[in-house]
Structures are given as structure tokens and as C-alpha cells.
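There are 4 protein chains.
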Amino acid sequence: MASIYGDFIKVSIFGQSHSEAIGVSIHNLPAGFEIDMEKLQSFLNRRAPGRSKYTTSRREEDIPEFISGLVGNRTCGAPLTAIIRNTNIISKDYDVIKDVPRPGHADYSAHIKYGGYEDYRGGGHFSGRLTAPLCIAGGIFIQILEEQKIEINSKILEIGGNAKEPYLEIERAMNDGDSVGGIVQCGIKGLRAGIGSPIFDGVENKISQAVFGIPGIKGIEFGEGFAIAKLKGSESKDEYYYEDGEIKTKTNNNGGILGGISNGMDIVFKVAVKPTPSISKEQDSISYSKGENTVLSVKGRHDPCIVPRILPCVEAAAAMAIFDLLMGECNVR
Amino acid sequence: MASIYGDFIKVSIFGQSHSEAIGVSIHNLPAGFEIDMEKLQSFLNRRAPGRSKYTTSRREEDIPEFISGLVGNRTCGAPLTAIIRNTNIISKDYDVIKDVPRPGHADYSAHIKYGGYEDYRGGGHFSGRLTAPLCIAGGIFIQILEEQKIEINSKILEIGGNAKEPYLEIERAMNDGDSVGGIVQCGIKGLRAGIGSPIFDGVENKISQAVFGIPGIKGIEFGEGFAIAKLKGSESKDEYYYEDGEIKTKTNNNGGILGGISNGMDIVFKVAVKPTPSISKEQDSISYSKGENTVLSVKGRHDPCIVPRILPCVEAAAAMAIFDLLMGECNVR
Amino acid sequence: MASIYGDFIKVSIFGQSHSEAIGVSIHNLPAGFEIDMEKLQSFLNRRAPGRSKYTTSRREEDIPEFISGLVGNRTCGAPLTAIIRNTNIISKDYDVIKDVPRPGHADYSAHIKYGGYEDYRGGGHFSGRLTAPLCIAGGIFIQILEEQKIEINSKILEIGGNAKEPYLEIERAMNDGDSVGGIVQCGIKGLRAGIGSPIFDGVENKISQAVFGIPGIKGIEFGEGFAIAKLKGSESKDEYYYEDGEIKTKTNNNGGILGGISNGMDIVFKVAVKPTPSISKEQDSISYSKGENTVLSVKGRHDPCIVPRILPCVEAAAAMAIFDLLMGECNVR
Amino acid sequence: MASIYGDFIKVSIFGQSHSEAIGVSIHNLPAGFEIDMEKLQSFLNRRAPGRSKYTTSRREEDIPEFISGLVGNRTCGAPLTAIIRNTNIISKDYDVIKDVPRPGHADYSAHIKYGGYEDYRGGGHFSGRLTAPLCIAGGIFIQILEEQKIEINSKILEIGGNAKEPYLEIERAMNDGDSVGGIVQCGIKGLRAGIGSPIFDGVENKISQAVFGIPGIKGIEFGEGFAIAKLKGSESKDEYYYEDGEIKTKTNNNGGILGGISNGMDIVFKVAVKPTPSISKEQDSISYSKGENTVLSVKGRHDPCIVPRILPCVEAAAAMAIFDLLMGECNVR
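Protein chains in written order, with numbering that gives the first Met the number 0: chain A, 0 to 332; chain B, 0 to 332; chain C, 0 to 332; chain D, 0 to 332.
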């Protein structure tokens with residue numbers, strides 16, 4: 000199974016937390032698009048660590064180096080590749096987890112899958128750091144989509160169950176050496192009706208596959224999602240009407256998607272983000288080498304909450320899915 | 000975009016509600032597996048309509064005819080194709096929706112996508128009837144997985160928001176000419192640790208892509224899902240311990256998946272099913288030809304609730320995803 | 000590995016020589032195209048057996064039944080599936096090959112791959128009969144391409160090494176209980192410049208993958224192919240010039256393809272077709288069950304030469320490849 | 000269309016002749032394989048320019064930098080990425096071709112495809128230089144295949160039509176400011192019977208798709224290829240016999256492949272390599288900007304013949320195809 004997304008656009012993500020570099024190749028970008036590098040960097044900075052009191056102190060500049068696919072700042076049709084060097088690496092922090100997997104991380108499942116050859120340092124290819132290349136790709140897609148008046152935004156709905164003062168929960172968690180998760184909503188405006196496909200390549204399927212590519216996401220719902228399951232058909236029906244000659248729905252319980260295809264209303268979805276599993280508190284775990292239970296105490300620099308930094312990642316994943324869906328609207332006639 | 004699922008196994012679903020037949024081709028099935036046809040039929044009957052007072056009275060026998068891929072009842076390595084003839088078709092029921100899209104259905108989004116050439120009769124390729132070929136494929140996968148002690152089960156958690164007397168809600172909706180949705184939980188036992196992949200081809204990504212192939216599903220969550228977003232890291236951590244020499248987790252908040260890879264615990268996920276959009280009540284809609292608002296009154300035979308019939312579909316989708324993930328564990332060494 | 004072709008269009012072929020039916024599903028066809036059924040049948044008849052003195056006497060009508068994807072004769076956007084029932088089956092002809100593989104056929108390689116569970120009757124999924132569904136798909140693609148002034152033709156260059164009287168060689172082979180192969184040329188007119196891709200998804204790569212899907216083809220060359228390897232650069236250069244404002248090349252040694260991308264000249268390629276391995280003469284083989292050498296004498300009805308019937312198959316494969324390449328020219332901008 | 004190869008292994012190639020770097024990502028490599036870096040470098044050196052009197056004087060060291068996927072020299076299961084910096088770039092050599100396409104190169108077809116935004120410098124992504132990342136991937140696959148006793152070799156059959164003194168033709172072409180092509184044979188020993196698939200994913204299809212990824216190849220034939228088309232069935236039949244308990248064929252006219260599946264004999268194929276289109280002689284071409292015919296005189300450093308350097312590329316492509324085919328032999332049972 001590959002770290003490649005897309006049926007038409009192909010986004011290939013590579014790198015580990017502590018490898019020489021992380022990066023992304025994007026195949027099938029249209030030729031001739033000029034990337035606004037400043038805007039892209041601003042987008043990447045929203046995700047980068049070390050920029051607020053709520054995030055890990057591991058500060059990476061996250062400045063992509065474009066090594067292929069551009070002439071100047073303009074796409075040339077060849078696969079675009081950007082890399083970010085991993086400069087601020089303290090590998091010794093992770094020595095202990097070679098033998099003792101961190102609960103809630105991929106350490107153990109990766110250990111089994113790769114037969115002990117996994118790059119355990121910093122979570123390897125499973126690290127949240129791999130959302131940086133995703134954001135490079137997504138940031139470019141967002142710029143191209145904006146040309147067509149498609150806009151993607153996200154916001155925090157709640158953190159640690161607190162919708163009114165979400166950041167307060169982060170502070171509390173920090174003080175406790177604990178962590179919190181939250182719920183994020185993402186909206187896509189301007190996507191015309193008729194995009195997507197029934198059954199397996201619908202808007203829900205494609206966005207889900209992209210969004211679960213972000214570490215820590217454990218649920219997704221479209222429109223009213225789990226809440227719609229409590230409604231009656233007469234309450235959830237999204238009736239049609241004409242407004243200025245355009246067909247619209249009075250409500251948007253279906254989140255802009257019917258039968259896997261956009262209906263011209265905003266695409267709306269929410270994702271559940273789990274609390275960062277890295278906490279300062281001691282945790283029970285096991286030792287592979289000793290074959291016995293043990294207690295793990297993880298040092299290192301970790302976010303008490305990844306929800307604020309996950310916003311651009313969700314937007315990037317959504318943009319990537321929408322981009323692929325739009326490319327799927329090819330037609331020889 | 001294709002109605003094909005899988006990176007390794009390829010499940011190609013075809014047919015419309017009112018075409019000559021619906022069916023499925025499965026490429027890459029192992030050769031030499033003997034399908035228990037009686038067991039498969041029992042599985043299909045759980046999905047088939049007309050078998051309880053809660054479902055549509057359109058009774059289709061849903062008996063697959065295997066037209067390729069078998070010698071006797073045994074797979075021969077060639078693509079397996081099964082079809083079900085559409086026999087009980089009353090197309091005139093659907094004449095009105097050619098011009099007036101039903102709210103909550105794919106009528107309108109399909110109309111735009113296919114430029115008016117869509118097969119609107121009975122929802123065409125978007126019909127819930129297309130879950131029958133999904134269940135043929137899934138039913139076969141389930142049998143092969145059972146050989147390896149992998150078991151998939153699902154159950155209704157609630158209908159219409161009622162967890163204690165879910166069927167009562169269906170009866171109420173029937174009496175009101177209304178409909179209800181619900182929440183279904185699915186569990187997969189026996190999947191060994193190490194299956195899946197980081198980033199885009201993980202267990203969550205693959206199950207999601209499969210499950211959103213079922214019409215009416217609007218949300219999915221793994222393990223504690225949206226509830227985990229309200230917990231602290233210290234509460235949601237799934238600590239490890241040894242039990243009889245095996246590594247297990249004390250809790251299963253992550254639903255058996257870490258970093259996209261199974262950890263040997265049960266895979267657990269829940270899906271939100273929306274209320275059937277077909278209701279007897281009048282609904283506001285529009286007329287394409289008149290370019291004005293109108294009122295739609297749908298006759299026809301419809302389920303007040305598809306949740307009971309969706310159970311085997313969810314199991315089928317899960318089996319298909321797990322099967323594909325297992326095939327992805329190929330290795331040349 | 001699947002019997003599915005295409006990155007954008009998806010052509011899924013199923014069936015065995017002696018299964019209930021053979022058929023094809025095509026996903027991603029444009030909606031609203033009206034198939035000329037009479038024209039399609041004429042195309043299929045060029046491939047069908049039993050229509051000339053040179054072909055097998057197994058006469059199959061090869062009339063496709065369209066079971067999905069159409070409303071009337073018009074595509075509706077849903078996957079199109081057509082099947083052909085296998086009616087004229089004499090399975091006992093093939094009993095001997097269950098144990099004794101026919102030289103030059105796939106009997107032995109399939110036997111190993113499928114562990115003895117292969118459908119050996121009539122070559123199973125490896126039978127030349129499976130080119131019938133390929134021709135259904137190709138025949139439809141050809142019609143859609145013709146709308147855009149793209150025309151595909153093929154012709155016999157030689158049979159049994161005889162370019163002047165190719166059919167004479169077939170007659171000789173028939174009289175001798177032997178068989179002959181030949182070389183076929185295919186040309187594609189009207190494909191605009193700029194279609195295809197460098198490296199792995201070029202015109203050569205895509206046509207090759209499609210054409211080697213036809214049993215019996217052992218070589219393919221584009222433009223001057225193997226002959227160009229004997230020329231000098233100064234002789235093979237395809238210089239440019241303007242003609243009526245259009246850029247053309249003086250020669251077409253590259254067969255209309257440079258860097259995997261069409262240059263607006265005719266696409267030209269040739270394929271080598273091996274002699275039918277089924278011959279009346281005795282052949283040396285082995286017995287699986289006895290573990291010893293034996294002599295095989297195949298009865299049954301066979302073509303002394305498949306070259307004439309392969310012409311529509313090559314055109315179908317080429318059309319499929321070109322269709323997929325054209326769909327790949329999608330662009331979100 | 001993407002520069003990605005493989006259904007199971009995914010090889011993503013990126014870079015242009017004059018971009019910052021060229022490189023390759025390989026997804027799905029088995030974890031735990033230790034790459035012999037010295038051996039890999041020797042393999043790459045066979046392809047590298049500037050190492051014999053017959054090749055271009057552009058000397059690139061072609062030393063890959065591994066930026067992901069390894070821990071030490073051992074694969075860790077994460078996508079492996081290697082890049083080669085483009086250091087010896089003289090872009091001004093190519094200024095003229097921005098407006099005047101070189102005959103026989105992809106300049107013109109790329110110009111149309113990418114709407115004038117192509118990276119024309121040195122052929123961009125179409126450059127033969129992109130076979131360096133292919134060889135990195137192929138060199139790794141070859142090492143893994145060798146572990147399993149699969150060996151891949153290639154040799155020159157003829158250059159400029161001269162089978163007896165092939166290098167003499169290169170010298171002649173050099174002296175004349177001309178170029179020559181040739182024919183290369185590749186053999187794969189040790190591939191067990193049963194690998195591959197009927198119809199579209201057979202050994203021929205997969206090798207062809209890989210091999211046409213090498214610029215300049217215009218034909219491929221398996222076994223006797225075009226020569227088999229001149230034989231009779233009784234002459235080309237590859238009869239079976241037992242040798243030391245193993246089933247073998249007396250001849251190998253089919254190049255080890257029947258029905259797309261290996262039969263345990265050596266896989267043998269030949270490819271036709273066209274003469275380098277870059278020659279010192281003047282060539283007729285056109286000017287885009289002037290819209291008129293012109294004469295092109297290309298300076299720059301070019302090979303009079305790429306056949307010697309293409310050998311490792313063909314081996315790399317073959318190894319990649321075989322690797323993917325072997326990974327396709329996955330089976331859940």
C-alpha cells in the first residue's frame with residue numbers, strides 16, 4: 000500500500016520524522032500555473048510547529064525546496080517535487096520507544112507490519128510531520144481552485160468538549176502534562192453541482208480517504224452526519240427551490256452531497272481529532288525485548304493539542320480530494 | 000470515476016434499478032475457493048427487500064446467477080461475475096421524477112452530472128438496489144475471511160435516536176408516512192496486527208471508501224470516534240500489556256487501528272444512516288422543464304427505514320476493505 | 000492482477016471460453032452517446048468465428064446483450080455491461096488437456112498459477128474468445144472517436160511470411176493440418192498533437208498494454224520500429240515543415256509519437272501474431288498425473304490462422320488506448 | 000497521466016534535465032532489505048554519461064542521495080526516495096530550441112501538450128537523463144530479485160544494423176556527426192512458472208509498459224517475436240518434456256511467456272533503439288514565433304549512440320516489471 004493519493008492527480012508523500020528530508024511529488028498538475036510562493040508559505044506556517052504557545056517547541060522552518068516541476072515559479076507539466084530538510088532532529092529522545100511502544104501511537108502496529116525494521120525515530124513515516132508535504136500539495140491545489148472561485152475554510156468547533164472556550168482546554172491540558180482533542184469543521188464553497196460519482200468514487204469517499212491521511216483523525220461526518228441519524232425523513236429532506244434562476248436547497252443536511260455527487264450547495268464536513276497520545280504522564284506499556292509489562296515515560300517536545308495546527312491539513316486534504324474529483328470530470332466528447 | 004473498489008482485489012459494480020440486470024465482477028479472487036452458495040444466499044436474504052413488515056414491498060428474489068469465474072462452485076482464478084435480473088420493475092412509478100427531482104435523492108446531482116441522460120428510473124445506478132451486488136462480493140469475501148478466523152458482525156445501535164426500542168421508531172414512521180435513520184456498529188474480530196498502511200491506504204481510509212459506497216451513509220467513526228475528541232490524552236490512551244504472551248491494549252478507544260494499521264484488537268466502527276428520503280408526504284421541489292417551484296408527491300414502494308437492511312451491506316463493505324488490505328500484504332521476499 | 004484496462008476509462012473483461020457467458024463492463028463512458036447497434040454488430044462480425052472458410056467452424060453468433068448502462072441505445076453514465084452467452088460449447092473436446100497441456104497455449108502456465116483450479120476448458124479466460132468483449136468495448140470507443148474525426152484502420156501485411164498472397168498460406172496450412180501467423184499494421188488518423196505522456200503513460204506504453212491483451216501477439220513496433228534501429232540519425236529524423244499553416248513532419252519514422260506524445264501525424268504500429276498453437280499434428284507434451292512425457296493429439300475446431308480475425312481486435316485495443324489517453328487530457332483549469 | 004509505474008510497487012519518477020534535481024520514490028518496498036550501495040553505484044555507472052569515448056561528454060556523477068525510506072542502508076517500509084542533483088547544467092545550449100523544435104525529440108509534442116509552458120531545457124522531463132532515477136529503482140529491485148535467484152542480463156545484438164562489429168558503427172557515426180541505433184536483447188533467468196496474468200496484466204504487457212518508459216525505444220518483441228510470425232505452428236510450438244522431474248519446453252519461441260504468464264523458461268525480449276535524434280548535421284525544422292520553416296543546427300553535447308548506456312536501463316525496467324508482477328502474486332488464503 001502506497002502513500003499516494005488520487006485517481007487522476009497523484010500525490011506521492013515521502014519522508015520520515017528523522018530522515019534526511021520529507022517531501023511530496025505531484026503528478027498531473029496543469030502546466031502554466033504560477034504558484035504564489037508567499038501565499039503558500041503563509042499557508043504552511045499555519046501548520047508549522049513552534050509558532051504559538053500551544054504547540055511543540057520543535058521549531059522547523061518548513062520552507063519547501065522545489066526540486067522539480069517548475070520553471071521559475073510556474074508549473075511546466077512535469078511532476079512537481081518539493082522537499083523539506085529535517086534539520087532540528089534530536090534522535091536520542093526516541094531511543095526508548097525502540098523497545099517500548101507508546102500507547103496511542105503507531106509504534107506497535109508499525110513494529111509488527113515492518114518486522115522490527117520500521118524507523119521508530121519520531122514516529123517515522125507516521126509522524127504528524129508528514130502533514131507538511133500534504134500541506135505543500137494542498138496549498139498549491141487551493142491556489143488553483145481559488146482561480147475557479149472554489150474556497151475552502153475550516154474552523155475549530157470544540158476542543159476537549161469545550162465549544163465556548165476551546166483554547167482554555169489546551170492550557171489546562173498543558174498545565175496537567177496532558178493533552179486534548181477536538182472537532183473541526185470544514186466547508187467548501189463554490190463547487191459546482193455535478194462533481195463526483197456514485198458508489199466508490201463519490202465526494203464522501205474521496206474526502207474521507209484524504210482526510211484519514213492526517214494522523215489523529217478518528218471520525219468524519221458530512222452535513223448533519225451522526226445527527227441526521229436521529230432525524231425523520233420529513234425533517235432532513237433538503238427541499239429544492241429556485242433562487243434567481245438557480246436551483247438550491249432550503250437546508251443543507253446532506254452537506255452538499257447527494258449520491259456521492261455535489262449538488263451545488265456548500266460541501267460541509269466535520270472531523271474528530273483525538274488527543275495527542277504523547278503526554279508527559281507515565282503510561283503502561285510493554286517491552287518487546289523483555290517480553291513483560293513496563294512503564295513508559297516519554298520526554299521530548301510534544302503538542303498538548305494538535306487541533307489548531309490540523310486546520311490547514313484538513314483544508315489541504317479537502318482541496319486534494321476536490322482537485323482529484325474535478326480532474327475526474329474529463330470527457331472525450 | 001468508476002464504480003470499482005480496491006487496489007488489489009477489484010470489485011466492479013454495475014447496473015441500474017431498472018436496467019436488465021445488476022451485477023458485480025470480482026478480479027483477483029484466489030483460485031480454488033469453494034463458495035458455500037446456501038450460506039451466501041442467506042447473507043443476501045438479510046439485505047433483500049420484501050422480507051419483513053418494515054421494508055419495501057418490492058420483493059426481489061435476489062438470486063445471483065454466476066456467469067463467469069467458477070467451475071462448479073469453486074473459483075478458477077478468472078474474474079468472477081454474478082448478475083441478478085431486474086424482474087419486478089414498475090417504471091411508470093418514476094415518470095414524474097424525470098422532471099422533478101426528489102429531495103435527498105441523487106436525482107438532481109445526477110441530472111447535472113450526466114446532462115439529462117441519467118437513468119432516473121428508480122434512482123438508476125444510485126439506487127440502494129446496487130447494494131445487492133456489493134453483498135454478493137462481500138458475502139464471498141466474508142466466507143474466505145472466515146477460513147482465516149476473521150469474523151465481521153454488525154448491529155443496530157439506535158434508530159431515530161432510540162437505542163432502547165429501535166423498531167418502535169420504524170413503526171411510528173410507517174404510520175406517519177415518514178422515515179427514520181439510525182446508527183450501526185460494525186466489529187471485525189481476528190484481524191492480526193500489522194495490516195494496513197500509513198497515510199492514504201490505512202484501515203480507516205479503506206473502510207471509509209468502501210462504506211460510503213452504501214447509499215444513505217453520512218458519517219463514520221472508528222473506536223470512540225467523535226467521543227474521543229472530548230477526552231483527554233490520559234483517558235484515551237489504550238495502554239499495552241501482556242496477556243498470555245500476547246500484546247493487547249487495556250481499552251480500545253482507537254478501534255483497533257493505530258497509524259492506519261491494525262494493532263490486533265477488534266476493529267470497531269460506527270456509521271450514521273440517514274432517514275430514507277422517499278416519504279409519502281408532499282415535498283417541495285422544482286420542475287426542470289417549467290423552471291419553477293413545484294410540489295412533489297412520490298408514490299411507489301419504499302422503506303420507512305433502511306437501517307435493518309443496511310447491516311449486511313456494512314459487513315460486506317468492511318469485508319471488501321479488509322480483503323483488499325490483506326492482499327496488500329504481498330511481499331516479494 | 001486484473002483483467003481491467005485503463006487509468007481513466009475502466010474496461011473490465013470477464014468470462015471463460017466455457018462459462019455461462021463472457022462480457023465486459025465499461026466504467027466512465029460519457030453519458031448521452033447513442034450507440035449505433037447495427038454498426039457495432041458489423042464490427043463484431045469481423046471477429047466472429049465461422050464466417051469464412053479460413054476460421055474455426057465453432058460458430059458463435061456473438062450478439063451482445065446489454066444489461067446495464069443504457070437507456071434505449073444511449074449511454075446514461077452508469078457502467079455499461081454487455082454479455083454474450085456461450086451457447087455452442089462442446090466441453091468434452093477438452094477433457095484430455097486437463098492432464099496434458101497443449102504446447103504454445105496457456106494451459107501449463109495457468110495450471111501452475113491457479114494451482115490446478117484453472118478452467119482448462121477451451122483455454123478458459125485465456126481463450127481468444129475473450130477478444131469478443133474487447134471488441135464490444137472497442138467498437139463503442141471507435142464510434143465515439145469517429146465523432147471526433149479519429150479513424151482507426153488495420154490491414155494484413157503478411158501471413159506466414161508471404162506479403163503478396165497471404166491467404167494462400169492459410170490454405171496451405173489448412174491442408175497440412177498446420178497453422179500460420181502474420182504481421183498486422185494499424186493506423187490511427189486524426190489524433191491531434193499533444194496527447195499522451197512521458198515515461199510510463201505514453202502512447203506506446205498504453206497501446207502496448209492494450210494490444211498484448213490479445214492472445215497470440217508477441218511483438219509490437221511503432222513507426223519504423225525494428226527497422227529504425229538500422230538507420231542513421233540523419234536518415235530517421237522526421238524533419239518539420241509548415242503545410243497550410245500546420246506543422247507536419249516530412250517522414251513518419253516515429254509513427255506519430257515523440258516522447259510518448261502524439262505529434263499530429265498518423266499513429267502507426269505493427270504487431271506480430273504467432274501461428275495458432277492448436278494444430279492437428281501430434282505434439283510432444285507431458286502428463287501431470289503420470290509425471291512423464293506423452294504425445295498430445297488435439298481434436299476440436301481451430302483456426303489455421305487467426306490473423307484475419309485479429310484485425311478488429313487490434314483496432315479495438317488501439318481505440319481503447321486512445322480513448323483512455325484522451326480522457327487523461329483532463330484539466331481542472 | 001503520471002510518471003508512476005506499478006500496480007503494487009509504485010515507482011514515481013520526477014525531475015527535468017535542468018531542474019534542481021531528478022529522483023525517484025518507491026512505495027511498498029519490503030522493509031528490512033539492506034541495499035548494497037557499492038553494487039548499486041556500479042550499476043548506475045553503467046548508465047552514467049562521460050565514461051567512454053562513445054558517450055556525451057556531459058559528465059554527471061549520478062550519485063544518489065537517499066533522503067527517505069532507509070535507516071542506515073536498510074529499507075524501513077516507508078517510501079524510499081533518492082535524488083540526484085543536476086550540477087553540470089549549461090542551459091544556454093538549449094535556448095534555440097525554445098522556438099525551433101528538434102526533429103525526433105519530444106520538443107514539439109511537449110510544446111503542444113503543455114501549451115508552451117514545458118521545460119524545454121535539455122528535453123526537460125523527456126530527457127534520457129530521467130533514466131537515472133529509473134536505474135536507481137531498478138538497481139534496488141535487481142538486488143532484491145537476486146536474493147531469489149532471479150537474474151537479469153542484457154546485451155547488444157547489433158548497432159546500426161551491424162551485429163559483428165557494433166562499436167565500429169558508433170565510431171563511424173561520430174566521425175560523420177551522425178548517430179546510430181541498435182537492438183538490445185534482455186533475458187530474465189530464474190523466474191518461476193505461474194507469474195503474470197491473462198489479458199491486460201501479463202508479463203508482456205507489464206514489461207512493455209516499463210520498457211517504453213525509456214526514451215528512444217520504438218519496438219519490443221518477446222521470444223521469436225516478429226520472426227515467429229513467419230513460422231508455422233508446427234515449427235514454433237515449444238513442446239513440453241520432463242527433465243529431472245521439471246517440466247520444460249524444448250524450444251523457447253514464446254520467450255518464457257504463455258497467456259501472459261511465465262512458464263519457467265527464460266523470459267527473453269528484444270527492443271529496438273532508435274538513433275539519437277541529436278546530430279551535428281543541420282536539420283530542417285520550423286519556428287513557432289515566425290510561423291515559417293527554418294534550419295536548425297544543434298550544438299551541445301550528445302551521444303552518437305545510446306545503445307551501450309541503455310543496457311542497464313532495460314534491465315532496470317525489466318526488474319521493475321518483474322518485481323511488480325511478483326508482488327501481484329499476493330493471496331489472502
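Cβ coordinates follow ideal geometry from the N, Cα and C atoms, glycine included. Keep in mind the model is a prediction, meaning the values are calculated, not measured.
Is there at least one Cβ from chain B nearer than 8 angstroms to residue i's Cβ?
i: C:S80; result: Residue identity differs from the one stated: residue 80 of chain C is Thr in this sequence, not Ser. Yes, C:T80 lies at the interface with chain B (some Cβ there is under 8 angstroms from its Cβ).
i: D:R50; result: no
i: A:N204; result: yes
What's the call for residue i, buried or exposed, on a 16-neighbour Cβ count within 10 Å?
i: B:Q208; result: buried
i: D:I96; result: buried
i: D:G254; result: buried
i: A:D177; result: buried
i: B:A162; result: exposed
i: D:S296; result: exposed
i: A:V306; result: buried
i: C:N87; result: exposed
Would you identify the three-state DSSP class for residue i, choosing helix, strand or coil?
i: A:D94; result: helix
i: C:E33; result: strand
i: B:Y400; result: Limits of chain B in this structure are 0 at one end and 332 at the other, which puts residue 400 of chain B out of reach.
i: C:C75; result: coil
i: C:I246; result: strand
i: C:N81; result: First, the residue type needs correcting, since residue 81 of chain C is Ala and not Asn in the sequence shown. In the structure shown, C:A81 sits in a strand (DSSP, three-state: E or B).
i: D:S41; result: helix
i: C:L69; result: strand
i: B:E223; result: coil
i: C:E203; result: helix
i: B:K112; result: helix
i: A:L230; result: coil
i: B:E170; result: helix
i: C:I260; result: strand
Name, in chain order, the residues that DSSP records as bridge partners for residue i.
i: D:D283; result: D:V294
i: C:E150; result: C:K188
i: A:Y241; result: A:I246
i: C:K52; result: Partner(s): none; C:K52 has no beta bridge.
i: D:H26; result: D:K9
i: B:K163; result: Answer is none; B:K163 lacks a bridge partner.
i: D:I266; result: D:I187
i: D:I155; result: D:V183
i: A:I305; result: None, per the DSSP bridge assignment.
If we cut at 8 angstroms on Cβ distances, does residue i have a partner in chain D?
i: C:L69; result: no
i: C:Y4; result: yes
i: A:A20; result: yes
i: A:T250; result: no
i: B:R191; result: no
i: C:S233; result: yes
i: A:F13; result: yes
Would you say residue i faces chain A, with C-beta separation under 8 angstroms as the test?
i: B:K154; result: no
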